[in-house]
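Notes for the one structure printed next.
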Amino acid sequence: MASKFDMSDLGRLTYYLGMEVLQCDDGIMLSQKRYAQKIVEEAEMQNCNAVHTPMESGLKLLKARDEKDIDATMFRKNVGCLRYLLHTRPDLSYCVGVLSRYMQNPKESHGAAMRQCLRYLKSTTTLGLTFERSSSRVPRLIGYIDSSHNVDPDDGKSTTGHIFYLGESPITWCSQKQDTEDLARELSFALTIKSAIALTRNPVFHGRSKHIHTRYHFIRECVENGQVEVEHVPGEKQKADILTKALGRIKFKEMRDLIGMKDLAGNEFKLKGENVELSLKKA
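Here you go:
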């Protein structure tokens, strides 16, 4: 490219749009430590007590009408900042996704949930993602998908989460409310995950699956052509579990480690020049 365009060699990438890039022989690590610290400071939460999870397990938020209003502008600002932080923080995806639902008219309970998230962020600003060099010439694309059974009490919709890996490195993830209502509330039974897998391999329609729109069955062709393999993943290994619900302290940390979050606490980030003595450790 340098032969055709005027270019300047600035060395290895170390910083880009608020993301810190740490490089070593085995791969790279992305972090938004400085940006996370700025969010906490602007929210005046730098002196708060730390917590171990971004959202209390089992918390149910509602569009409450009998609660006091809070500063909607500040709430929206915090949500917007946290959403940008999700580029390197999949552990915050579910919490931020839930908070985003109440930006129009936030109440006291939503503000309390926001403070919980910021308290967690304050104690985990050094977390980041690693992208390790693959040992395989052609790394596999592997995706984990999960859905919660805890529907939103306001509209009856569930939360779906997915995270995809190229080799051992996470490349995309999402936690979002489903577009369609949770039909399990209206049916006397619901298909299990294993049954859903069976449907991808068996094109026969029956009473338990006729409510599923035909456009969702395209995956069958991919399975038949050998383009996609569908497997059941036990709960303790389901990496998308952290994207569908608020977990307790022990389970949350297990899932956070499982999806590949690492701690940069022992490393010094340099704005220019190469990083030395980079050592990665699990949070």
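When you read off a place in the sequence shown, starting at 1, and then add 106, the result is the number in the working numbering.
All residues carry an ideal CB built from backbone N, CA and C; glycine is no exception.
Proximity below 8 Å, CB of residue i to CB of residue j
i	j	result
G133	T236	yes
L167	Y141	no
S199	L349	yes
I325	V334	yes
Q222	P160	yes
A156	R243	no
K351	S254	yes
I251	H268	yes
Pairwise C-alpha distance: residue j and residue i
i	j	result
K139	L227	10 Å
D261	R246	37 Å
L119	L370	17 Å
T204	S264	The question names Thr, yet the displayed sequence has Val at residue 204. Approximately 11 Å, taken between the alpha carbons.
V391	C328	This structure cannot speak to residue 391, because the chain is shown only from 107 to 389.
E148	C280	26 Å
K283	A346	14 Å
G273	H193	19 Å
M220	V127	28 Å
M125	S137	6 Å
K405	G217	Only positions 107 to 389 of the chain appear in this structure, which leaves residue 405 out of reach.
G117	Q210	44 Å
D258	M113	52 Å
Rounded distance between the beta-carbons of residue j and residue i, thought under 8 Å
i	j	result
R195	L233	7 Å
I176	K213	7 Å
K368	M135	7 Å
Neighbour flag for residue i against chain C, beta carbons, 8 Å
i	result
L353	Considering every chain present, this structure includes no chain C. It has just one protein chain.
> Per the contact definition of three or more C-beta pairs closer than 8 Å, is the segment 163-177 in contact with the segment 360-370?
Replying inline: no
>> What ranges does the beta strand (DSSP E) occupy inside the segment 133-189, keeping only unbroken runs of at least 3 residues that lie completely in it?
In response: 133-137
>> Extract the residue ranges of the beta strand (DSSP E) inside the segment 197-255, only unbroken runs of 3 or more that lie entirely within it.
In response: 233-238 and 247-253
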